[in-house]
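Okay, so here's the structure we're looking at.
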Amino acid sequence: MYWMDWTIILIIPSLILALWAQSKVTRNFAKYSEVKSRKGMTGAAVAAQILYDNGIRDVAIERLGSNAGDHYDPKNKKIRLSSHVHDSTSVTALAVAAHEAAHAIQHHEAYAPLKMRTGFFPVVRVSSGAAMPLIIIGIIFGASGFLEPSLANIILNIGIIFFSVTVLFHLITLPVEFNASSRAMSILEGGRYLAADEVQGAKNVLSAAAMTYVAAATAAILQLLRLIIISRGRS
Numbered sequence: 058m059y060w061m062d063w064t065i066i067l068i069i070p071s072l073i074l075a076l077w078a079q080s081k082v083t084r085n086f087a088k089y090s091e092v093k094s095r096k097g098m099t100g101a102a103v104a105a106q107i108l109y110d111n112g113i114r115d116v117a118i119e120r121l122g123s124n125a126g127d128h129y130d131p132k133n134k135k136i137r138l139s140s141h142v143h144d145s146t147s148v149t150a151l152a153v154a155a156h157e158a159a160h161a162i163q164h165h166e167a168y169a170p171l172k173m174r175t176g177f178f179p180v181v182r183v184s185s186g187a188a189m190p191l192i193i194i195g196i197i198f199g200a201s202g203f204l205e206p207s208l209a210n211i212i213l214n215i216g217i218i219f220f221s222v223t224v225l226f227h228l229i230t231l232p233v234e235f236n237a238s239s240r241a242m243s244i245l246e247g248g249r250y251l252a253a254d255e256v257q258g259a260k261n262v263l264s265a266a267a268m269t270y271v272a273a274a275t276a277a278i279l280q281l282l283r284l285i286i287i288s289r290g291r292s
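Residue numbers (the numbering used here): 58 to 292.
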């Protein structure tokens, strides 16, 4: 079966990388959430000031619940921050807030990879939802004889094409996230928001977060490779 054949070894490295990245995020976010910045600004205040300094007047900052994910919404022009970031003066909060504000700067400057990712998102929503059902139908129904092998392979390959779109989205995401972190650190290193000895903590937080995107892209690429091998084997 698809989930039990030898190709499963291809995704083991990505699983290890994902576990390592998540543990790094958890450890660094928790550690620097306990370190309060001596400047005393909250995440919301930092995000607002960064927007103001970059001439951005049409982006709102919205406070979400404690378990919500921090993100910038380019469609509605909102920086959405969890209460742990919005209200906190910790190094973690300031790093996250600066990162999301950097996404708003990317949008304001029409940063090409962000424009591409934003435009690609509706397509990815459809393709990611359809990919796995098609792949499973092609493999299981083909193996059981419920479908003709040629038809099962066509369905499988359509699923793989849809999944390839998801992989491309992960690859486009990497420069967007790394650039946002780089912009955030350039801002935070200026001394306006963090003391010099607090900057390394912010770097640790953002580098840990960046590794989760690397892990996700690696997992998607290896999964795609696995699907292609399975498809060729069936052919």
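No residue lacks a Cβ here, since even glycine has one placed at the ideal position from N, Cα and C.
Note that the coordinates shown come from a computational prediction; the quantities given were computed from them, not determined experimentally.
Within 10 angstroms of the beta-carbon of G126 lie fewer than 16 other beta-carbons, which makes it exposed. S140 and S264 have their C-alpha atoms spaced approximately 22 Å apart. According to DSSP, D130 shares a beta bridge with K135. Excluding residues up to 5 positions away in sequence, M242 lie with their Cβ nearer than 7 Å to the Cβ of K260 in the same chain. Here R182 is exposed: its Cβ has fewer than 16 other Cβ atoms, across all protein chains shown, within 10 Å. In the three-state DSSP reduction, R289 falls in the helix class (H, G or I). For Y109, the number of other beta carbons within 10 angstroms of its own is below 16, and it is reported as exposed.
The continuous beta strand (DSSP E) containing A117 extends over residues 117-121. Under a 10 Å Cβ-count criterion, A78 is classified as buried, with 16 or more other Cβ atoms of the shown protein chains found around its own Cβ. With 16 or more other Cβ atoms from the protein chains shown falling within 10 Å of its own Cβ, F219 counts as buried. If you keep only unbroken alpha helix (DSSP H) runs of at least 4 residues inside the stretch 141-195, you get 148-165, 169-193.
Residue environment: S145 is assigned as buried (16 or more neighbouring CB atoms within 10 Å of its CB, all protein chains considered). Taking 8 Å as the cut-off, the Cβ atoms of G100 and H160 do not count as close.
Closest by C-alpha distance to Y168, out of S207, A104, F235, V148, is F235. Beta-carbon to beta-carbon, P170 and I244 are separated by about 19 Å, too far to satisfy the 8 Å threshold. Counted as a single uninterrupted DSSP element, the alpha helix (DSSP H) harbouring S71 occupies residues 69-90.
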